[in-house]
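S.K.:
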Amino acid sequence: MLTRKLVAEAVGTALLLIGVVGSGIMAERLSPTDVGLQLFQNAAATAAVLFTIILMFGPVSGAHFNPAVTLADWALGGFPRRHIAPYIAAQVAGAVAGTVLANLMFDLDAVDWSTKDRSAGHLWLGEVIATAGLVALIFALVRTDRIRFVAGAVAAYIGGAYYFTSSTSFANPAVTVGRMFSDTFAGIEPSSAPMFIVMQIVGLAAAVALIRFVYPRTNQ
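Residue numbering for the sequence shown follows the numbering used here, beginning at 108 and increasing consecutively.
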């Protein structure tokens with residue numbers, strides 16, 4: 108039932124953003140003078156949340172929580188075209204709702220537009236690599252019948268990518284939109300978001316090409 112899947116996508120993406128933004132706020136408050144520790148706390152919490160929500164909602168919606176994953180699933184023949192727009196709408200709505208809830212939990216304004224500038228070529232390259240790696244990882248596991256490892260593998264990849272990519276691995280257009288709504292550690296200035304999303308789409312396209320070449324048929 109599509110409605111059930113859309114609710115799972117919206118709630119799961121909201122929980123992801125609560126984890127990302129909320130842990131960023133908590134990290135700033137607990138470790139105000141140590142940015143490295145803030146990043147570690149944010150990365151660890153995000154990885155843990157990803158692991159749990161994939162386990163929670165994977166059997167219902169596939170646990171995409173990410174327009175890049177939805178589009179890749181369609182491009183690789185595993186997702187119906189008519190469900191793309193509803194899935195992406197649910198993911199974006201969930202991301203915004205999750206950020207607003209995180210702000211409110213920490214006694215901030217519901218909407219506080221980020222002023223964190225993330226406009227630079229090296230950050231855009233980081234988003235291409237982050238998104239390509241994430242999408243390729245997921246569909247490498249899917250095409251080799253190892254879906255049971257997706258939750259742990261995605262959590263580990265994102266936790267690591269916070270550190271090995273210059274952009275701290277947004278790797279998700281819905282997350283990028285959601286993070287505009289909080290002027291905190293995890294935020295992104297609205298003017299920086301469009302190019303991040305463009306680079307995520309470039310990474311998605313690269314990953315789809317790689318998967319088609321390396322894993323040309325399911326379960327091979």
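Glycine residues also receive a C-beta, built at the ideal position from the N, C-alpha and C atoms.
Keep in mind it's a predicted model, so treat the numbers as computed, not measured.
(1) Checking 8 angstroms against the spacing of the C-beta atoms, do V235 and I161 come in under that value?
(2) Taking just the CA atoms, how far does L123 sit from L157?
(3) What would DSSP say about S168, mapped onto helix, strand or coil?
(4) Can you name, in chain order, every residue of its own chain whose Cβ lies under 6 angstroms from the Cβ of T206, other than the five neighbours on each side?
(5) When the Cα atoms are used, what is the spatial distance from D219 to P139?
(6) Have a look at A247, R250, A239, F256 and flag the residue whose alpha-carbon is nearest the alpha-carbon of V309.
(7) Shortest alpha-carbon distance to P166 belongs to which of L144, V114, Q145, G184?
(8) Do F186 and G78 come within 8 angstroms of each other at the CB atom, strictly closer than that value?
(9) Should L143 go down as buried or exposed, given a rule of 16 or more other Cβ atoms within 10 Å for buried?
(10) Looking only at its chain, what residues have a beta carbon closer than 7 angstroms to the beta carbon of E296, apart from the 5 residues adjacent to it on each side?
(11) List the endpoints of the continuous alpha helix (DSSP H) containing A293.
(12) Given a threshold of 16 other Cβ atoms within 10 Å of its Cβ, counted over all protein chains shown, does T325 qualify as buried or as exposed?
(13) So, F292 versus N149, is the Cβ gap smaller than 8 angstroms?
(14) In three-state terms, what does DSSP make of Q327?
(15) Excluding sequence positions up to five away, which residues of its chain have a Cβ less than 6 angstroms from the Cβ of I132?
(16) Please name the residue, chosen from N173, G184, E116, that lies closest to A316 on a Cα-to-Cα basis.
M.R.: On the basis of the coordinates in this document:
(1) no
(2) 7 angstroms
(3) helix
(4) L124, V128, G285, F288, S289
(5) 20 angstroms
(6) A239
(7) V114
(8) Outside the shown range of the chain, which is 108 to 327, sits residue 78, and nothing can be said about it.
(9) Just to set this straight, residue 143 is Gly in the shown sequence, not Leu. Counting Cβ neighbours within 10 Å, G143 comes out exposed, since fewer than 16 surround it.
(10) S221, T222, K223, D224, R225
(11) Per DSSP, A293 belongs to no alpha helix (DSSP H) and is neither H nor E.
(12) With a pLDDT of 47 at T325, under the threshold of 50, the modelled position of this residue cannot be trusted, and the question is left open.
(13) yes
(14) For Q327, the predicted model reports a pLDDT of 43, less than 50, meaning its position is unreliable; a value from the coordinates is still stated below. It is coil, neither helix nor strand.
(15) F213, T291
(16) G184
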